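For reference, the structure discussed in these notes is given below.
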Amino acid sequence: MRNWINIPRVEGRASRQAHADLPDGTFEHEIGREGFFGPAAHIHHAHAPTGWVRFEGPIRPRAFDTTKFDAVPDSAWAAEPLAGNRRCAVRFWRIEAPMDHLARNADGDELLFVHDGAGDLFCDFGHMSYTEGDYLLLPRGTMWRLEPSAPTRILMIEATDSAYKLPDKGIVGPHAIFDPAILAVPEIDAAFDDQRSEAETRVAVKRFGQVSTMVFPYNPLDAVGWHGDLAPVKVNWRDIRPLMSHRYHLPPSAHTTFVGERFVVCTFVPRPIETDPGALKVPFFHSNVDYDEFIFYHRGSFFSRDNIHPGMISLHPAGFAHGPHPKAFATGQKAARKETDEVAVMIDTRDPLEVQAGAASVEWTGYVDSWRTAPAATNEAAE
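Here it is as structure tokens:
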């Protein structure tokens, strides 16, 4: 636990409540530590904190468009690398035909978010189906394969050298957001029995980022039963019941779905928009100075962003202010809409994310200018 020097003060023309009752003509900017859990200051500016006219240097807000990937890798370990650090690796994978081998991640737990498609997962523990919007959490060392019944696109989030946990939900209790009882586990059912075989089977094992192959003279997915408290699990974003307040815009951390080592995975799902006259109705401007923020936009209309469509990604490095685009800010504050219409996956990482070649190849370079009142840079990624 850090020993912060906490000195609550109010200076000048300021609100006494974060994200509410802003002084007329001001823009609130939160400067926070430890991913919204540490001390914070809320500065009221005369101009939007993102009102830059030029942005120079290698560290900048960036955006990428996964809809421009057209390759269909023959293995999960050949998926497009997007971003990563020593604790987290993010890839994007397209699969259209049943895998002809098994995969095993020996580097860490693997979290698969199904952007679109449907099919079946077979693993050491049995069988379960998957569909659009599912999270499939595969513990480290699990052997698995997918049989898509429809072309499938997946965001892969590896907890490198660690394991995923459910978040501590504190005073709201373990049944808030989603009840752990809703987590589905694989079953040894008729579909699993049907896939048993004595045919030679390859297992592609990833360790230290390198792939080795084991060959068995039979299909090693041959379990007849299991027991314990370690297993793959599945939950769909539609099973998530978000925390809400009609008087206060909750921080992104309220929407945490999984916790890794030095990073979290959050899910933004449709929810009612704040109705209190003084409450902010769009995400607040903030500098989350200890975390990088990676957001994958899954579906809907993203009311805090212009020119962003499903399948796109934004990356906001630690230390730079970010928040709603000018048009979105003005529209959102009018509260014409009664609820949000967006689903997105956010990865907040304590260690800086390094953009990989896959993401760089589909970058929208004009994103950094999208906060300007009249953006000077657009390209086909934003169309």
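Here the sequence shown is numbered in this note's numbering, starting from 132 and rising by one per residue.
By construction, the Cβ of each residue, glycine as well, lies at the ideal position given by its N, Cα and C atoms.
Quick caveat: nothing in here was measured; it's all calculated off a predicted structure.
Are the Cβ atoms of D196 and G442 separated by less than 8 Å? Translated into the one-based positions of the sequence shown, residue 196 becomes position 65. Translated into the one-based positions of the sequence shown, residue 442 becomes position 311. Contact flag set, yes.
I'd like the ranges of any beta strand (DSSP E) spanning at least 3 consecutive residues and lying wholly in the segment 158–199. 158–163, 171–176, 193–196
Coil, strand or helix - F433 by DSSP: The residue labelled residue 433 in the question sits at position 302 within the sequence shown. Coil.
Quickly, what does DSSP pair H417 with across the bridge? List them, please. Here the question's residue 417 lines up with position 286 in the sequence shown. H417 is bridged to E161, H453.
Among F223, T344, D479, the one whose alpha carbon lies nearest that of M287: Walking along the sequence shown from the start, residue 287 turns up at place 156. Nearest option by C-alpha distance: F223.
Would you decide whether H377 is buried or exposed? Buried here means 16 or more other CB atoms lie within 10 Å of its CB. Within the sequence shown, the letter at position 246 stands for residue 377. By the 10 Å Cβ count, H377 comes out exposed.
When you compare each of R147, A354, V336 to D324 by their alpha carbons, which one comes out closest? If you number the sequence shown from 1, residue 324 lands on position 193. Considering only alpha carbons, the answer is A354.
Would you mind reading off the limits of the beta strand (DSSP E) that contains A335? Numbered from 1 along the sequence shown, position 204 holds the residue referred to as residue 335. A335 -> beta strand (DSSP E) spans 332–338.
Could you tell me the boundaries of the beta strand (DSSP E) in which F323 lies? The residue you call residue 323 lines up with position 192 of the sequence shown. Premise fails: F323 lies in the alpha helix (DSSP H), 321–325, not in any beta strand (DSSP E).
Can you tell me which residues form a DSSP beta bridge with P382? Here residue 382 corresponds to residue number 251 of the sequence shown, with the count starting at 1. In the DSSP output, where bridge partners are listed per residue, P382 has none listed.
Starting from A228, trace the alpha helix (DSSP H) both ways and give me its first and last residue. As a position in the sequence shown, residue 228 is number 97, starting the count at 1. Careful: A228 lies outside any alpha helix (DSSP H) and carries neither H nor E.
When DSSP labels each residue in this structure, what does G497 get in the three-state scheme? Counting from one through the sequence shown, the residue named residue 497 turns up at place 366. Note: G497 maps to helix in three-state DSSP.
Could you check where the beta strand (DSSP E) with A410 kicks off and where it finishes? Numbered from its first residue, the sequence shown carries residue 410 at position 279. Premise fails: A410 is in no beta strand (DSSP E) and is neither H nor E.
Compute the beta-carbon to beta-carbon distance between E241 and E187, rounded to the nearest angstrom, for a pair I have assumed lies under 8 Å. One-based indexing of the sequence shown puts residue 241 at position 110. One-based indexing of the sequence shown puts residue 187 at position 56. No, E241 and E187 are not in contact; Cβ-Cβ is about 37 Å, not under 8 Å.
In angstroms with no decimal places, state the Cα-to-Cα distance between D482 and V396. Taking the sequence shown and counting its residues from 1, the one referred to as residue 482 is at position 351. Taking the sequence shown and counting its residues from 1, the one referred to as residue 396 is at position 265. Rounded to the nearest angstrom, the two C-alpha atoms are 14 Å apart.
Which word fits R193, buried or exposed, when buried means at least 16 other C-beta atoms lie within 10 angstroms of its C-beta? Locating residue 193 in the sequence shown gives position 62, counting from the first residue. So R193 ends up on the buried side.
To the nearest angstrom, how far is the alpha carbon of H384 from that of A449? In the sequence shown, residue 384 corresponds to position 253, counting from 1. In the sequence shown, residue 449 corresponds to position 318, counting from 1. Per the sequence shown, the amino acid found at residue 384 is Ser instead of His. Their Cα atoms are separated by approximately 15 Å.
Is Y261 near G250, with beta carbons less than 8 Å apart? Your numbering for residue 261 matches position 130 in the sequence shown. Your numbering for residue 250 matches position 119 in the sequence shown. Yes.
Could you say which of P455, R503, I319 lies nearest to H358 if we only look at CA atoms? Along the sequence shown, read from residue 1 onward, the residue named residue 358 stands at position 227. Comparing Cα positions, the closest option is I319.
Helix, strand or coil at W208 [DSSP, three-state]: Taking the first residue of the sequence shown as 1, we reach residue 208 at position 77. It is helical.
How about S293 and G239: do their beta carbons lie closer than 8 Å? Within the sequence shown, residue 293 is the residue found at index 162, counting from 1. Within the sequence shown, residue 239 is the residue found at index 108, counting from 1. Going by C-beta atoms, S293 is nearer than 8 Å to G239.
Using CA atoms only, rank isn't needed, just tell me which of H456, A452, R140, P414 is closest to D421. Here residue 421 refers to the residue found at position 290 when the sequence shown is read from its first residue. Looking at the Cα atoms, A452 is the closest of the given residues.
Looking at N216 and T480, is the spacing between their C-beta atoms short of 8 Å? Along the sequence shown, read from residue 1 onward, the residue named residue 480 stands at position 349. Along the sequence shown, read from residue 1 onward, the residue named residue 216 stands at position 85. Contact: yes.
Given this structure, state the Cα-to-Cα distance separating I404 from G431, to the nearest angstrom. Along the sequence shown, read from residue 1 onward, the residue named residue 404 stands at position 273. Along the sequence shown, read from residue 1 onward, the residue named residue 431 stands at position 300. Rounded to the nearest angstrom, the two C-alpha atoms are 15 Å apart.
Three-state secondary structure (DSSP) at V303? Position 172 of the sequence shown, counted from the first residue, corresponds to residue 303. If DSSP states are grouped into helix, strand and coil, V303 belongs with the helices.
Got a sec? Which residues, its chain only, sit under 6 Å from K296 by beta carbon, not counting five neighbours each side? Stepping through the sequence shown from its first residue, residue 296 is reached at position 165. Result list for K296: V390, in chain order.
Which residue comes first and which comes last in the alpha helix (DSSP H) that contains A491? Taking the first residue of the sequence shown as 1, we reach residue 491 at position 360. Segment 488–491, the alpha helix (DSSP H) holding A491.
Check whether the Cβ atoms of W208 and K337 lie closer than 8 Å to each other. Stepping through the sequence shown from its first residue, residue 208 is reached at position 77. Stepping through the sequence shown from its first residue, residue 337 is reached at position 206. For W208 and K337, yes; Cβs fall inside 8 Å.
Measure the alpha-carbon distance for I302 versus V342 and round it to whole angstroms. Indexing the sequence shown from 1 puts residue 302 at position 171. Indexing the sequence shown from 1 puts residue 342 at position 211. The straight-line gap from Cα to Cα measures roughly 44 Å.
CB of F200 within 8 Å of CB of V493, strictly: Position 69 of the sequence shown, counted from the first residue, corresponds to residue 200. Position 362 of the sequence shown, counted from the first residue, corresponds to residue 493. In contact: F200 and V493 (Cβ atoms closer than 8 Å).
CB-CB length for E161 against A145, believed under 8 Å: Along the sequence shown, read from residue 1 onward, the residue named residue 161 stands at position 30. Along the sequence shown, read from residue 1 onward, the residue named residue 145 stands at position 14. At roughly 13 Å, the Cβ-Cβ gap does not stay under 8 Å, so E161 and A145 are not in contact.
Name the one or two DSSP bridge partners that Y422 has. Walking along the sequence shown from the start, residue 422 turns up at place 291. DSSP lists no partner for Y422.
Nearest-angstrom Cα separation, counted from P279 out to A507: Taking the sequence shown and counting its residues from 1, the one referred to as residue 507 is at position 376. Taking the sequence shown and counting its residues from 1, the one referred to as residue 279 is at position 148. Because the pLDDT of A507 is 43, which lies under 50, any placement of that residue in the model is unreliable, and the number read from its coordinates should be weighed accordingly. Approximately 42 Å between the Cα atoms of the pair.
Under the DSSP definition of a beta bridge, which residues are partnered with V316? Locating residue 316 in the sequence shown gives position 185, where the first residue counts as 1. Beta-bridge pairing links V316 to no other residue.
Beta-carbon gap between C219 and I426 smaller than 8 Å: Position 88 of the sequence shown, counted from the first residue, corresponds to residue 219. Position 295 of the sequence shown, counted from the first residue, corresponds to residue 426. Contact flag unset, no.
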